[in-house]
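Working notes, beginning with the structure itself.
Numbering (our numbering), first residue to last: 33 to 543.
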């Protein structure tokens with residue numbers, strides 16, 4: 033670790049000398065050909081901006097998700113599982129490093145032009161590196177968002193053997209881009225021209241004419257290519273132990289979906305006023321936004337069905353742990369995604385960007401036939417940081433996680449054994465006004481609008497008030513005091529992502 037891995041990787045793959053190349057190839061080959069010990073394969077599927085109530089198995093009535101509903105019937109639903117944070121990059125950082133947002137490096141979205149987000153440093157140990165040490169070949173297919181090309185955070189520098197998809201989450205706003213990343217190379221797509229993720233109707237265009245929206249339709253749908261490559265990775269590694277991370281971009285806006293996927297929802301005859309991006313706010317217009325959003329989720333469900341069917345075909349299903357979850361709650365852009373119409377977060381308060389329940393409690397499923405009880409449900413409080421120790425324990429590598437992580441293994445719960453409740457689950461988010469929260473048993477403390485100097489704590493009893501409607505802080509001063517002390521303890525100041533005012537006043541710059 034005295035030399036950055038991303039630079040070391042590039043140096044060892046250069047043709048400096050025949051000996052250097054052969055040495056690098058030998059290490060890689062030995063890793064991929066690690067002898068099978070019968071341990072399970074791992075697939076972690078992370079959807080993007082999917083709300084708590086947007087799967088049939090979690091109560092959705094309008095959007096069809098048959099494959100994921102089947103997955104739920106074959107495994108366990110986790111009904112009180114929390115993503116890593118309220119938006120994309122910091123949530124994924126918690127997932128791959130097993131550190132909660134008070135300790136994690138990345139705590140908010142922060143772009144690094146021309147492409148990518150703030151990178152996780154070389155010193156971080158990711159779940160992919162840990163799986164490699166256990167002899168697993170690792171692949172990531174979809175949206176990365178934890179370090180741009182040639183940075184310390186790019187996937188192939190963080191323990192990933194095979195990467196295909198979007199490096200940058202801003203690039204992923206378009207489903208019809210000009211390219212995706214294929215390891216270190218561009219993979220060209222047949223979109224001429226590419227469709228931007230943010231655009232408006234041409235001036236003078238008739239918004240009541242569906243043909244006006246044709247300019248936002250591409251030819252080569254990026255999620256199709258990503259799904260193809262994920263399936264190919266499984267086929268190529270069917271005789272090895274593999275760890276597949278599938279962070280699908282769907283259903284994050286823009287509302288881009290092939291027309292054939294729309295038809296079943298258009299046939300339902302919903303009232304569906306066009307989204308025209310008036311005032312330039314939002315992503316790209318769509319003539320039937322409700323149908324488009326539902327169709328995107330159904331398309332994503334079909335991709336996952338392709339993966340599950342392939343496991344059956346290759347006779348790998350019984351020896352594969354499948355985890356499904358979402359990086360945060362439903363988007364707050366109500367003109368594009370009608371979360372009221374779909375009841376996307378149900379009775380929960382808050383949406384993407386919020387540390388109230390609707391922004392961070394996410395639909396989560398786990399299947400491992402013969403080990404995780406089919407058709408079961410569990411309300412244990414858990415979070416993204418728990419997956420590293422959980423998966424390591426489930427493959428027989430308990431205790432192999434770094435000592436400085438915040439995760440607690442869920443393996444006993446998933447395998448049907450008794451487990452002590454989690455003492456607390458901590459989250460902080462310096463954006464969207466500055467927020468901090470901690471969940472301890474049924475109690476949840478919340479701070480909002482911290483950047484305005486507000487440190488007042490709201491207190492909710494989630495067991496009695498899942499919608500967080502009744503602040504009972506005044507009636508429970510001792511509980512508030514205890515949770516405030518925990519919040520203070522778990523927050524480590526960050527120069528990159530300061531949580532104001534805990535990390536000092538905002539720095540004023542001269543104009």
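All C-beta atoms, glycine included, are put in the ideal place defined by N, C-alpha and C. Quantities reported herein were computed from a predicted structural model and do not represent experimental measurements.
Euclidean distance between Cα positions of residue 480 and residue 497: Working through the chain shown from its first residue, we reach residue 480 at position 448. Working through the chain shown from its first residue, we reach residue 497 at position 465. Going from the Cα of residue 480 to the Cα of residue 497 covers about 18 Å.
Three-state secondary structure (DSSP) of residue 470: On the chain shown, position 438 is the one that residue 470 refers to. Strand.
Nearest-angstrom Cα separation, counted from residue 301 out to residue 422: Position 390 of the chain shown, counting from 1, holds the residue named residue 422. Position 269 of the chain shown, counting from 1, holds the residue named residue 301. Going from the Cα of residue 422 to the Cα of residue 301 covers about 45 Å.
CA-to-CA distance, residue 482 to residue 517, given in whole angstroms: Position 485 of the chain shown, counted from the start, is the residue given in the question as residue 517. Position 450 of the chain shown, counted from the start, is the residue given in the question as residue 482. The straight-line gap from Cα to Cα measures roughly 17 Å.
Simplified DSSP assignment, three categories, for residue 451: Counting from 1 along the chain shown, the entry for residue 451 is found at position 419. The answer is coil: DSSP assigns residue 451 none of H, G, I, E or B.
At least 3 beta-carbon pairs within less than 8 Å: the stretch 111-130 vs the stretch 410-429: yes
N-terminal and C-terminal residue of the alpha helix (DSSP H) that residue 125 is part of: For this step, residue 125 is matched to residue 93 along the chain shown. 120-129 is the span of the alpha helix (DSSP H), which, as asked, contains residue 125.
Minimum C-alpha distance to residue 570 - residue among 401, 443, 360, 366: Any property of residue 570 remains undetermined from this structure, which presents the chain solely from 33 to 543.
Cβ shell of residue 134 (< 7 Å), same chain only, five flanking positions each side left out: As a working note, residue 134 is residue 102 in the chain shown. Within the same chain, residue 134 has close Cβ partners 458, 460, 522, 523, 524.
Bounding residues of the alpha helix (DSSP H) (the contiguous stretch that carries residue 102): In the chain shown, residue 102 corresponds to position 70, counting from 1. Residue 102 -> alpha helix (DSSP H) spans 98-106.
Length of the line joining the Cα atoms of residue 67 and residue 443: Counted from its first residue, the chain shown places residue 67 at position 35. Counted from its first residue, the chain shown places residue 443 at position 411. Because residue 67 sits at a pLDDT of 37, beneath the cut-off of 50, its placement in the model cannot be relied upon, and the point is left open.
Environment of residue 502 [buried if 16+ CB atoms lie within 10 Å]: In the chain shown, counting from the first residue as 1, residue 502 sits at position 470. Classification of residue 502: exposed, given that the 10 Å Cβ count is below 16.
Range of the contiguous alpha helix (DSSP H) that encloses residue 197: Counting from one through the chain shown, the residue named residue 197 turns up at place 165. That residue, residue 197, is in no alpha helix (DSSP H); its beta strand (DSSP E) goes 194-198.
Unbroken stretches of the alpha helix (DSSP H), 4 residues or longer, contained in the stretch 267-355: 291-298, 321-345
Check: residue 103 C-beta below 7 Å from any heavy atom of the ligand COA: Here there are no bound small molecules, and the ligand COA is not part of this structure.
For residue 282 and residue 309, the rounded distance between their alpha carbons: Translated into the one-based positions of the chain shown, residue 309 becomes position 277. Translated into the one-based positions of the chain shown, residue 282 becomes position 250. Cα to Cα, the separation comes out at about 20 Å.
Entirely enclosed alpha helix (DSSP H) segments - the stretch 468-543, minimum 4 residues: 509-522
Helix, strand or coil at residue 218 according to DSSP, with G and I counted as helix: On the chain shown, residue 218 is found 186 positions in, with the first residue counted as 1. DSSP places residue 218 in strand when its eight states are reduced to three.
Cβ neighbour criterion (16 or more within 10 Å) applied to residue 438: As a position in the chain shown, residue 438 is number 406, starting the count at 1. By the neighbour-count rule (16 or more Cβ atoms within 10 Å), residue 438 is buried.
Backbone CA spacing between residue 277 and residue 336 [nearest angstrom]: One-based indexing of the chain shown puts residue 277 at position 245. One-based indexing of the chain shown puts residue 336 at position 304. So the two alpha carbons sit approximately 12 Å from each other.
The stretch 382-395 touching the stretch 148-166, judged by at least three CB pairs closer than 8 Å: no
Beta-carbon proximity check, residue 440 vs residue 95, cutoff 8 Å: For this step, residue 440 is matched to residue 408 along the chain shown. For this step, residue 95 is matched to residue 63 along the chain shown. No, these two residues do not count as a Cβ contact at 8 Å.
Nearest residue (CA-CA) to residue 214, options 145, 171, 305: Taking the first residue of the chain shown as 1, we reach residue 214 at position 182. Selected option, being the one with the closest Cα: 171.
Nearest-angstrom Cα separation, counted from residue 183 out to residue 36: As a first step, residue 36 must be located in the chain shown, where it is residue number 4. As a first step, residue 183 must be located in the chain shown, where it is residue number 151. Residue placement at residue 36 cannot be trusted, given a pLDDT of 47 that sits under 50; the coordinates are not used to answer.
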